[in-house]
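Since the structure comes first, as structure tokens, the remarks are kept for the end.
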Amino acid sequence: MQRIRAEHDPPAVGFHSGAGGAVSIAHHTHNEEFCMSIRRSSIVLLVVGLALIVAAGVIRFVALPSLTKLPADLSQGQKYEGTMSALNPQAFAANDLANLITPEMPITADRSLTVDATDGDTAIVTSNTAITLPDGSTQKDVHRYAVSRVDFAPVQLTDEQKQTLIPAADKATFEDHEGIAFSFPMGPSEDGNLLYDAVTRSGQAATYVDSGTLEGREVNNYEVNASGPIESPTVLAQFKDFPSQLPKAVVAGLLQAGIVPEASRATLQADLATLPDVLDLGFGSVNVAKLAVDKQFGAPLNVDQTQSMYVTVPVNGENVPVLPLSTVKLHTAPSEITGLAGDLSKNGMLLSVAGVWVPLGLVVVGLLFVAIAAVRWRKPVSVTPERKAEAAHV
């Protein structure tokens, strides 16, 4: 049989035919023969080349996905600016319709997002919003969610996970949810997106409008226009002293004074006469929002939201808003948009390098090494008669 030797092995002893059936591939030229041997450097090049190709696959399909997951140590914030108007309780008690709704007051809001705990690809995220009013006082709104670290979708926790991941002191602010709680997934789709509204505790459809650019980033633009009954215990607690019923005459006075929301006026004017003299009250919310969402990362670059809460009365089976309780208008602060766009551009470049150029470079170099190893795989080695004689005595 043919014997293969490395470049730095002892000299080859040649090949010959004999009882063992070995086949000689030696090339005779006068008193020398030549045989082929494997270069040790070619083996090294082959191994290194294959290792580089494997490393490229590991980076692209193992390391890169881990880089795009929600970090276990996430802690970030965003600022919003806007206005707020609300029902004046004293004016309502005095039936002072002229001063029933306060003028719009400038407000700011700071929203922080932190990951409190993780379990594999599941994270417990806390959204903490502090609204600062003109008098310097603050209103806080805290919500905790279980989300996927991969696509930020809602995750249903088992009872055991709730016990281990959520401290007893935080359970009151944890809520199951549907839809997007804080960020779209990477490469967001145009259709089928729901945004979670903590006031109504419901997923509200985000309708795709168009695409564009914002601060140099490509974005998808979405709109939300949804309403529903208020389900948040924290919000409902603000209205615990509100009467459970109102005389129809009061609703008629609100309608006449132009306080009833414009969208409800036609319905009330048409059906007011048929309503009972005393009307049961409910509490509802209308949420209108415009969002510019980064096409690559799914992060909302700009949010422009108006959320209004109302007293509602039942009309033909529907809850119709009749009295504004509060209207909060917020939009992302311009400086935040610029800063976030810059961060996303840097992260996009890093992902491009890590996910495309580094693996591609490793594959190219690896294939080059493999090709060189293949070309240099064998080299001729001279076998003299003396060496053959030595081999015959071995």
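For any residue, its number in my numbering is found by taking its place in the sequence shown, counting from 1, and adding 1446.
We put the beta carbon where it would ideally sit given N, CA and C, even for glycine.
Since the structure is predicted, the reported quantities are computational estimates derived from the model, not experimental observations.
For residue j and residue i, believed in contact at Cβ under 8 Å, the rounded distance
| i | j | result |
| --- | --- | --- |
| Val1561 | Ala1518 | 6 Å |
| Pro1767 | Pro1707 | 5 Å |
| Asn1433 | Leu1543 | Because the chain here runs from 1447 to 1840, residue 1433 falls outside it and cannot be looked at. |
| Ser1731 | Gly1674 | 6 Å |
| Ser1772 | Arg1663 | Contact flag wrong, Cβ pair sits at about 33 Å. |
| Phe1620 | Arg1590 | 4 Å |
| Thr1584 | Lys1775 | The pair is not a contact, with the Cβ atoms about 18 Å apart (cut-off 8 Å). |
| Phe1729 | Thr1752 | The Cβ separation is near 17 Å, so there is no contact. |
| Gly1801 | Leu1510 | 5 Å |
| Leu1513 | Ile1553 | Not a contact, Cβ separation roughly 37 Å. |
| Ala1502 | Gly1812 | 7 Å |
| Lys1736 | Asp1717 | Actually they are not in contact, since the Cβ atoms of Lys1736 and Asp1717 sit about 32 Å apart, beyond 8 Å. |
Helix, strand or coil at residue i [DSSP, three-state]
| i | result |
| --- | --- |
| Leu1721 | coil |
| Arg1822 | coil |
| Gly1763 | coil |
| Gly1625 | coil |
| Gln1702 | helix |
| Ser1487 | helix |
| Asn1534 | coil |
| Asp1565 | strand |
| Phe1507 | helix |
| Asp1556 | strand |
| Glu1708 | helix |
| Gln1609 | helix |
| Gly1728 | strand |
| Glu1636 | coil |
| His1476 | Any reading at His1476 must be qualified, since the residue scores a pLDDT of 46, below 50, and its modelled position is unreliable; no value is offered. |
| Ile1676 | coil |
| Gln1684 | coil |
| Phe1802 | One detail in the question is off: residue 1802 reads as Val in this sequence, not Phe. It is helical. |
| Asp1542 | coil |
| Gly1658 | strand |
| Pro1600 | strand |
| Gly1467 | With a pLDDT of 39 at Gly1467, under the threshold of 50, the predicted position of this residue should be treated as unreliable, and no value is reported. |
| Ser1648 | strand |
| Glu1550 | coil |
| Lys1617 | helix |
| Gln1742 | coil |
| Gly1582 | coil |
| Pro1517 | coil |
| Ser1690 | coil |
| Ala1735 | strand |
| Pro1592 | For clarity, residue 1592 is Ala in the given sequence; the question names Pro instead. In this structure, Ala1592 counts as strand in the three-state DSSP scheme. |
| Ala1576 | strand |
Status (buried if at least 16 other CB within 10 Å, exposed otherwise) for residue i
| i | result |
| --- | --- |
| Asn1748 | buried |
| Pro1746 | buried |
| Arg1557 | buried |
| Gly1704 | exposed |
| Val1799 | exposed |
| His1474 | Here the model assigns His1474 a pLDDT of 46, short of 50, so the residue's position is not dependable and the matter cannot be decided. |
| Met1551 | exposed |
| Val1469 | Residue placement at Val1469 is poorly supported in this model, since its pLDDT is 38, which falls under 50; the coordinates still yield a value, given next. Val1469 should be labelled exposed. |
| Asn1765 | buried |
| Phe1507 | exposed |
| Asn1762 | exposed |
| Thr1646 | buried |
| Ser1521 | exposed |
| Ser1488 | buried |
| Pro1805 | buried |
| Asp1643 | buried |
| Val1504 | exposed |
Under 8 Å between C-beta atoms of residue i and residue j
| i | j | result |
| --- | --- | --- |
| Ile1847 | Met1755 | There is no way to answer for residue 1847, as the model of the chain reaches only from 1447 to 1840. |
| Val1601 | Ser1594 | yes |
| Leu1660 | Ala1738 | yes |
| Leu1808 | Leu1498 | yes |
| Val1724 | Pro1693 | yes |
| Leu1632 | Gly1788 | The sequence as given places Met at residue 1632; Leu does not occur at that position. No, Cβ-Cβ distance for Met1632 and Gly1788 is not below 8 Å. |
| Leu1721 | Ser1690 | no |
| Lys1586 | Ala1576 | yes |
| Val1816 | Gly1495 | yes |
| Asp1565 | Gln1607 | yes |
| Arg1485 | Trp1823 | yes |
| Pro1549 | Ser1573 | no |
| Asn1667 | Asp1656 | yes |
heavy atom of the ligand COA below 7 Å from residue i C-beta
| i | result |
| --- | --- |
| Pro1770 | The ligand COA is not part of the structure shown, which contains no ligands of any sort. |
Flag this pair as touching only if the stretch 1632 to 1641 and the stretch 1650 to 1660 have three or more C-beta atom pairs under 8 Å; answer yes or no. yes
Answer yes if the stretch 1778 to 1798 comes into contact with the stretch 1524 to 1536, meaning at least three C-beta pairs across the two stretches below 8 Å, and no otherwise. yes
Kindly confirm or deny that the stretch 1701 to 1711 and the stretch 1674 to 1692 touch, where touching means at least three C-beta pairs closer than 8 Å. no
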